[in-house]
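Counted the way the numbering used here counts, the sequence shown spans residues 407 to 666.
Ideal placement from N, C-alpha and C gives every residue a C-beta, glycine not left out.
First up is the structure itself, then whatever we jot down about it.
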Amino acid sequence: NSIAFSPALRRRDHLAMDAFATAACETGMQVLEGLPAKLAALEQAKAGLFPIAADKVRDEMAAQAAKASDPSVSNQAITGIIDKVQLAVVDLNSDLQKLERMIRMSIPKAEDGNNWGVEVQLGVVKIVTDARTAMKATNDGLKEYFKERSEAVEKLATSSETKTSEGTSETESTGGEKDTKETKKSKSSDTSTKTGTACADRTLHLAAIDTRWYFHLQDGYVSAIDGAGYAADSIAKNIQKIQHPRGNQGGDEGGRPSYY
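Given below as structure tokens:
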């Protein structure tokens, strides 16, 4: 059995969704207008975020790896970059989420024919969602740096171990008033620290990890900027179709498709 809704209830729900969609479209347009300046600022900040010349990165990371025998010392050159890349990617992903909502809430009800504008909307949505998927993958993968590096550092760090030994001895005494028998137990522990020169290849391995992550973070940062830029450009070029997928028929002047 189907559930019948009264016209008044349908009307109320439609008005509520119209208000939500209108707010989504207004927010999306604000994001779209502000994105060029934000992307330009992020692009300008790239030189300061990645200041090491490409041909000098390996040497810098080798110098950091040489300090890794102390496990309390992290590679600040990388961890500082990770924090800033994460913030930039999260911010851009949030902007694209708002733009995706704007487009999806502008899609009109299904009809036979005259759907070219809807196809444009869906095509632009895919560009946006692809960019968001890449950003989420970049963000989710950042924790792997710490796992990978910590495993390499463990093999370089000074180690200590404690050895414990136990022993039992017995002594007997005869010829007196009473024969005696005495049992003695002894227990000793010894802590030793293993030190030495770290294996050169292990140090180079750690430097290679840091070097790879430096370039990986740079690529993720630039890719996030590019992804947001491509999405914003696609929306801007097709804004008329996004706001009025069927022209001005079936929708108001603000681009919000009518339910009726």
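Contact check, A613 vs A494 under 8 Å by CB: the rounded distance?
Locating residue 613 in the sequence shown gives position 207, counting from the first residue. Locating residue 494 in the sequence shown gives position 88, counting from the first residue. The beta carbons of A613 and A494 sit about 26 Å from each other, so the pair does not count as a contact at 8 Å.
Alpha carbon to alpha carbon, how far is G519 from K647?
Locating residue 519 in the sequence shown gives position 113, counting from the first residue. Locating residue 647 in the sequence shown gives position 241, counting from the first residue. Whole-angstrom Cα-Cα distance: 15 Å.
When L562, N644 and I615 are compared against C605, the one with the closest alpha-carbon:
In the sequence shown, counting from the first residue as 1, residue 605 sits at position 199. With respect to the C-alpha of C605, the residue from L562, N644 and I615 having the closest C-alpha is L562.
Terminal residues of the continuous alpha helix (DSSP H) containing F621?
On the sequence shown, position 215 is the one that residue 621 refers to. Run containing F621: A606 to K643, per the alpha helix (DSSP H) assignment.
Contact set for Q503: own chain, Cβ-Cβ below 7 Å, skip 5 residues either direction
As a first step, residue 503 must be located in the sequence shown, where it is residue number 97. For Q503, where only same-chain residues beyond five positions count, the Cβ hits under 7 Å are R538.
Just the C-alpha distance for R436 and A429, rounded to the nearest angstrom, thanks.
Here residue 436 corresponds to residue number 30 of the sequence shown, with the count starting at 1. Here residue 429 corresponds to residue number 23 of the sequence shown, with the count starting at 1. Strictly speaking, residue 436 in this sequence is Gln, with Arg absent from that position. Distance between Q436 and A429, taken at the CA atoms: about 11 Å.
Would you kindly report the start and end of the unbroken alpha helix (DSSP H) that includes E550?
To locate residue 550, count along the sequence shown from 1; it is residue 144. Taken as a continuous stretch (DSSP letters only), the alpha helix (DSSP H) holding E550 covers K549 to E560.
By the 10 Å Cβ neighbour count, where 16 or more other Cβ atoms means buried, how is T485 classified, buried or exposed?
Here residue 485 refers to the residue found at position 79 when the sequence shown is read from its first residue. In the assembly as shown, T485 is an exposed residue. Its beta-carbon has fewer than 16 other beta-carbons within 10 Å.
For a test of your reading of the model: does the CB of L438 fall under 6 Å from any non-hydrogen atom of the ligand SAM? Yes or no.
Among the ligands in the structure shown, none appear at all, so the ligand SAM cannot be discussed.
Spatially closest choice to G635 from P651, M511, S478 and A446, by CA coordinates
Translated into the one-based positions of the sequence shown, residue 635 becomes position 229. For G635, the nearest C-alpha among the options comes from A446.
Spatial neighbours of R464 within its chain, please: CB distance less than 6 Å, with the 5 preceding and 5 following residues excluded, ordered by chain position.
In the sequence shown, the residue the question calls residue 464 occupies position 58. Excluding residues within five positions, the ones whose Cβ falls inside 6 Å are T617.
Say whether the region 529 to 536 touches the region 637 to 652, bearing in mind that this needs 3 or more beta-carbon pairs closer than 8 Å, one atom from each stretch.
Inter-segment contact for the region 529 to 536 and the region 637 to 652 is present: three or more beta-carbon pairs are separated by less than 8 Å.
Could you say which of E432, D632, P651 and R608 lies nearest to R507 if we only look at CA atoms?
Along the sequence shown, one-based indexing puts residue 507 at 101. R507 has its Cα closest to that of E432, out of E432, D632, P651 and R608.
Please list, in chain order, all residues of the same chain as M467 whose beta carbon is under 6 Å from its beta carbon, the five residues on each side excluded.
As a first step, residue 467 must be located in the sequence shown, where it is residue number 61. Once the five neighbours on either side are set aside, the close Cβ partners of M467 are A613, D616 and T617.
Kindly indicate which three-state DSSP category G519 falls into: helix, strand or coil?
As a position in the sequence shown, residue 519 is number 113, starting the count at 1. Correct three-state label for G519: coil.
Just list the alpha helix (DSSP H) runs in the region 476 to 538, keeping only unbroken ones of 4 residues or longer that don't cross its boundaries, in chain order.
Taking only runs of at least 4 residues, the alpha helix (DSSP H) segments lying wholly in the region 476 to 538 are 482 to 510.
Taking the alpha carbon of I645 as the reference point, which residue from E550, G523 and A558 has its own alpha carbon closest?
On the sequence shown, position 239 is the one that residue 645 refers to. The shortest C-alpha separation from I645 is found at G523.
Could you tell me the distance, in whole angstroms, from the CA atom of M541 to the CA atom of Q492?
Position 135 of the sequence shown, counting from 1, holds the residue named residue 541. Position 86 of the sequence shown, counting from 1, holds the residue named residue 492. Rounded to the nearest angstrom, the two C-alpha atoms are 9 Å apart.
Please report the distance separating the alpha-carbon of D632 from that of S480.
In the sequence shown, the residue the question calls residue 632 occupies position 226. In the sequence shown, the residue the question calls residue 480 occupies position 74. One C-alpha to the other measures close to 30 Å.
Return helix, strand or coil for P442, following the three-state DSSP convention.
Your numbering for residue 442 matches position 36 in the sequence shown. Residue state, collapsed to three classes: helix.
Starting from D465, follow the alpha helix (DSSP H) in both directions and report where the run begins and ends.
To locate residue 465, count along the sequence shown from 1; it is residue 59. Here the alpha helix (DSSP H) through D465 covers V463 to A471.
DSSP bridge partner residues for G653 (one or two, in chain order)
Your numbering for residue 653 matches position 247 in the sequence shown. As DSSP reads the structure, G653 sits in a beta bridge with P651.
Is the Cβ-Cβ distance between T609 and A471 less than 7 Å?
On the sequence shown, position 203 is the one that residue 609 refers to. On the sequence shown, position 65 is the one that residue 471 refers to. Cβ distance < 7 Å, so T609 and A471 count as in contact.
Give me, in chain order, the residues of the same chain whose beta-carbon lies closer than 6 Å to that of G434; leave out the 5 immediate sequence neighbours on both sides.
Position 28 of the sequence shown holds residue 434. The answer, listed in chain order, is K504, L505 and M508.
Collapsed DSSP secondary structure at F456 in the structure displayed:
Counted from its first residue, the sequence shown places residue 456 at position 50. F456 falls in the coil class under three-state DSSP.
Beta-carbon separation of L548 and I488 under 7 Å?
As a position in the sequence shown, residue 548 is number 142, starting the count at 1. As a position in the sequence shown, residue 488 is number 82, starting the count at 1. When the beta-carbon positions are compared, L548 and I488 come within less than 7 Å of each other.
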